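Residue 86 in numbering that gives the first Met the number 0 sits at position 87 of the sequence shown, with consecutive numbering throughout. From the three backbone atoms N, C-alpha and C, an ideal C-beta is built for every residue, glycine too. Keep in mind the model is a prediction, meaning the values are calculated, not measured.
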Amino acid sequence: MPVHTSGSSQGSHGRGAGLGLALASALAFGGSGVAAKPLIEAGLDPLHVVWLRVAGAAVVMLPLAVRHRALLRRRPALLAGFGLLAVAGVQACYFAALSRIPVGVALLIEYLAPALVLGWVRFVQRRPVSRAAALGVVLAAGGLACVVEVWSGLSFDPLGLLLALGAACCQVGYFVLADQGTEAGEDAPDPLGVIAYGLLVGAAVLTVVARPWAMDWSVLAGSAHLNGTAVPAFALLAWIVLVATVVAYITGVLSVRRLSPQVAGVVACLEAVIATVLAWVLLGEHLSAPQVLGGAVVLVGAFIAQSSTPGKGSSEPVASGGAERELAARGTAA
């Protein structure tokens with residue numbers, strides 16, 4: 000699958016809008032853990048929380064799936080791939096990895112995805128990669144290691160590391176598939192339709208994995224504790240479904256279309272920074288000096304990664320900054 004780096008028009012406004020969408024997506028995704036943790040502590044299994052998240056978002060997006068039902072005939076492979084990789088694959092592999100290796104290690108490996116995207120461009124598509132893109136990825140990965148404090152609980156479990164790497168590969172699929180069809184103009188698959196069907200496919204797959212019929216549904220009728228404050232469990236679930244899934248996927252896919260998979264991927268590393276800060280503010284999980292420093296390094300890496308903008312069809316290396324794309328109506332994110 001080709002990775003395109005620019006659209007038909009370029010400009011600071013388009014790139015700024017793309018960065019804004021990417022940051023909104025990172026913020027929405029980053030808030031999922033803060034809302035999910037109280038539900039898990041209240042008695043829900045992590046996989047059940049994931050299933051509720053994806054299935055709930057699929058129900059919300061169902062009217063759009065009906066509206067764009069022609070996509071089932073036009074792009075069945077894209078819909079299946081998005082659902083299996085960008086929705087079910089990322090979630091299932093990540094949570095399975097957490098059962099074997101520390102959270103920080105799993106998160107760090109998952110967010111190697113931007114480097115893997117550049118690897119896809121360089122070694123599969125055999126296209127040159129700019130130094131700015133490579134440097135941005137290196138800085139973001141190094142800063143992320145500090146944010147999650149990877150040294151605090153490193154343990155070597157081959158299967159756990161393999162599962163985390165699987166989550167990273169699935170995340171690559173998210174960025175690459177979100178970019179598909181952007182050069183087709185009005186014939187491009189609508190992003191909202193792709194997200195809707197991706198969530199439906201993901202919910203179906205996760206139903207088999209999570210077995211929600213064994214879930215303790217009574218937890219949702221009670222309260223969960225957010226840093227000592229009782230919050231209705233259903234309200235936390237609504238946040239996870241509407242903001243951390245529906246809004247996150249939609250803004251994430253649209254950001255890929257305005258930027259590029261490799262740029263959006265690096266900016267997505269901010270999700271770990273946002274998640275850590277929100278946990279500090281809302282859950283009372285204090286930040287250490289290395290975490291603060293690491294967050295700053297991630298920001299620097301993301302800035303460098305989006306700093307250059309080669310034109311479409313240009314012979315310049317694939318840069319981390321994407322040019323403005325024509326935005327066809329469409330959508331996603333997890």
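Check, Outcome
"Residue of L111, A202, G30, V193 minimising C-alpha distance to L46", "A202"
"For E148, the nearest candidate out of V291, A229, G19, H224 (CA to CA)", "V291"
"Backbone secondary structure at P188 - three-state DSSP", "coil"
"CB contact flag (C168, L115, <8 Å)", "yes"
"CA-to-CA distance, G15 to A237, given in whole angstroms", "30 Å"
"Strand pairing of H224, partner residues [DSSP]", "A229"
"Extent of the continuous alpha helix (DSSP H) run through T250", "247-257"
"Three-state secondary structure (DSSP) of V147", "coil"
"Beta-carbon spacing of A85, V265 below 8 Å", "no"
"Sequence-distant residues of its chain with Cβ nearer than 7 Å to N226 (five each side left out)", "L281, L282, G283"
"Same chain, Cβ closer than 6 Å to R121, neighbours up to 5 away in sequence not counted", "V128"
"The stretch 196-216 in contact with the stretch 73-83 per 3-pair CB rule at 8 Å", "yes"
"Closer than 8 Å to chain C by CB, V128", "Among the chains of the structure shown, chain C does not appear; only one protein chain is present."
"Cβ neighbours of L43 in the same chain (closer than 6 Å, five flanking residues each side left out)", "V218"
"A76 classed as buried or exposed, judged by whether at least 16 other C-beta atoms fall within 10 angstroms", "exposed"
"Test item: CB-CB of Q170 and E109 under 8 Å", "yes"
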